[in-house]
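S.K.: The following block contains the structure, expressed as structure tokens.
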Amino acid sequence: MMSKNNRVFHSLAIALTISASLGISSLSHAATTVIKADALVDVNNSKVLDSPLVIIENNVIQYVGTQGSKAVPNDATVLDLSGHTLLPGLMDMHVHLTSDSNVHGYRRLKISTPRSAITGVKNARSTLMAGFTTVRNVGAPGYADVALRDAINDGDVLGPRMYVSGPSIGVTGGHCDNNLLPFEYEAKSEGVADGPWAVRTKVRQNIKYGADVIKFCATGGVLSKGTKVGAQQFSFEEMQALITEAHLRGLTVAAHAHGTDGIKNAIRAGVDSVEHASFLDEEAIALAKEMGTYLSMDIYVTEYILGEGEKAGILEESLAKERTVGKRQRTSFTTAYEAGVKMIFGSDAGVYPHGDNARQLTRMVRFGMSPMEAIQAATMHPANLLGKSALLGSIDEGKMADIIAVKGDVMNDLSLLENIQVVIKDGVVVKHDR
Ligand SMILES: [Zn+2]
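With positions in the sequence shown counted from 1, the corresponding number in our numbering is that position plus 2.
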């Protein structure tokens, strides 16, 4: 997937040149762009660099230093972002771009897979405009996420770099099944599988149809009908088979898990990230530390579910579950953070509106992290989880030019990241509000 992403369909300089109607002749030159700003958040060294100078050639960052430390090439396009702070493009490791946050519960039954793909086009754009240049899409019916990823990579639609799972894998009647209709309708989600070999087959099928990552459900969930959030789904044997198969094929695995036993068994079976991770205990935290498992805890979404969920069609039983889960999850977040578990930014946008992803950053600070740590959880740590730290996750030489800029003192107020002025993805300025 990265080789496709690397392809330059418009360099920043070319795009600016065309918009300025300076003619096509400059297209033959190497496209160099120089960015000047007030500050740059250096996530690798946990510090802020004043008066930065960033030189980009095509879509790759070639130089990062302070202004005056290097001569600006004569033919470079200069992007003067005085008053702005530069940050690496944000990365959200838990989204559902093909889901509409106004369509929950029984309303979802009316949505076809092609319709959800078109919803994804709208949501991909709003996610990118919000400064999220990379997302991991964990669960989409009908491989609509694969189609959306490919359309973005082909340059047909605007959106973040997407790493996608295809359909989530889960047990019959579990959180990743569709339990809304009675028996005679024979409704079943396409990721349903029971037994070690059946789950291996689902992993192979998802890879066949384009998945970059495998997602499965290890416990019940809040938004599914008739599941218990605390109860494990899949036996340990099934989890082990699924994760072994995915790792064999070079893919990482994300497990949806709220309940303590499901979390622990998914970690013991070698899962790469636990999503939600609501009911952590001491042993679960110790296991995550020992195994190097990432926790992706969506601690903002509870505010949306309890505030807007009923209007959006969320079932009453789901609202009742959220009332207990949300509070407990925030306590778990603080405990896991204090214990030094690896944590990544995952919002579950799709349950709440796409483009509002960054609202979770201030909550991560409220429940324990420093602003720098919250930014690192949404940049360098996800790049590590994806195995892309050589290309993504920080503004450093040799990395892809995924850069955002925001006005004001962002390190003192992360809510500024809810309104990004400049978004550059793959060397292209896709947003510049003045
Ligand atoms: Zn989710």
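For every residue, glycine included, the Cβ atom is placed at its ideal position computed from N, Cα and C. Only a predicted model underlies this, so the values are computations on that prediction, with no experimental measurement involved.
One question on the structure: do residue 264 and residue 257 come within less than 9 Å of each other, judged by their Cβ atoms?
M.R.: Yes, they are a contact pair.
S.K.: Using the beta-carbon count (16 or more within 10 Å), is residue 399 buried or exposed?
M.R.: Classification for residue 399: exposed.
S.K.: Buried or exposed for residue 12, please, with buried defined as at least 16 other CB atoms from any protein chain shown within 10 angstroms of its CB.
M.R.: With a pLDDT of only 43 at residue 12, under 50, the local geometry of the prediction cannot be trusted, and the value read off the model is given with reservation. Its Cβ being crowded by 16 or more others within 10 Å, residue 12 is buried.
S.K.: In chain order, what residues of the same chain lie with their CB nearer than 6 Å to the CB of residue 225, ignoring the 5 residues before and after it?
M.R.: These residues qualify, in order along the chain: 320.
S.K.: Check whether the Cβ atoms of residue 266 and residue 292 lie closer than 9 Å to each other.
M.R.: No, they are not a contact pair.
S.K.: When every heavy atom of ligand 1 is checked, does at least one fall within less than 8 Å of the C-beta of residue 96?
M.R.: Indeed, a heavy atom of ligand 1 lies less than 8 Å from the Cβ.
S.K.: In the DSSP assignment, find the beta strand (DSSP E) that holds residue 418 and state where it starts and stops.
M.R.: Taken as a continuous stretch (DSSP letters only), residue 418 belongs to no beta strand (DSSP E), as it is neither H nor E.
S.K.: Compute the minimum distance between the beta carbon of residue 141 and the heavy atoms of ligand 1, and state whether it is under 8 Å.
M.R.: Answer for residue 141: yes, Cβ within range of ligand 1.
S.K.: Whole alpha helix (DSSP H) runs in the segment 229–269 with 4 or more residues, listed along the chain?
M.R.: 238–250, all fully within the segment 229–269.
S.K.: Indicate, with yes or no, if ligand 1 has a heavy atom lying under 8 Å from the CB of residue 276.
M.R.: Outside the cutoff, so no.
S.K.: Pull the bridge partners of residue 219 from the DSSP assignment, please.
M.R.: Residue 219 is bridged to 258.
S.K.: Expressed to the nearest angstrom, what Euclidean distance is found between the alpha-carbon atoms of residue 457 and residue 197?
M.R.: It is not possible to answer for residue 457, since the shown part of the chain is limited to 3 through 436.
S.K.: Would you check if the segment 243–250 and the segment 203–220 touch, i.e. whether three or more CB-CB distances between them fall below 8 Å?
M.R.: As far as the Cβ criterion goes, the segment 203–220 touches the segment 243–250, which means the pair count is three or higher.
S.K.: Quick check on the DSSP output: the beta strand (DSSP E) that includes residue 403 runs from which residue to which?
M.R.: Counting along the chain, residue 403 falls outside any beta strand (DSSP E), and DSSP gives it neither H nor E.
S.K.: Helix, strand or coil for residue 347, going by three-state DSSP, please let me know.
M.R.: In the structure shown, residue 347 sits in coil (DSSP, three-state: anything other than H, G, I, E or B).
S.K.: Pick from 106, 67, 390, 47: whose alpha carbon is nearest that of residue 54?
M.R.: Cα-wise, what sits closest to residue 54 is 67.
S.K.: In whole angstroms, what separates the C-alpha of residue 155 from that of residue 163?
M.R.: Between residue 155 and residue 163, the C-alpha separation is close to 8 Å.
S.K.: Along the chain, where does the alpha helix (DSSP H) containing residue 328 start, and where does it finish?
M.R.: Start and end: 318–341.
S.K.: Tell me which residues share the same chain as residue 72 and place their Cβ nearer than 8 Å to its Cβ, disregarding the 5 neighbours each side in the sequence.
M.R.: Cβ neighbours of residue 72 beyond the five flanking positions: 55, 57, 65.
S.K.: Taking the beta carbon of residue 79 as the centre, do at least 16 other beta carbons fall within 10 Å, making it buried, or is it exposed?
M.R.: So residue 79 ends up on the buried side.
S.K.: Could you pull the DSSP bridge partners for residue 97 from this structure?
M.R.: Answer is 139, 351.
S.K.: Take every Cβ of the segment 141–148, pair it with every Cβ of the segment 168–186, and state whether three or more of those distances are shorter than 8 Å.
M.R.: Verdict: yes, contact present.
S.K.: Quick check: the Cα distance between residue 394 and residue 45, rounded to an integer number of angstroms?
M.R.: Taking the straight line joining both Cα atoms gives about 12 Å.
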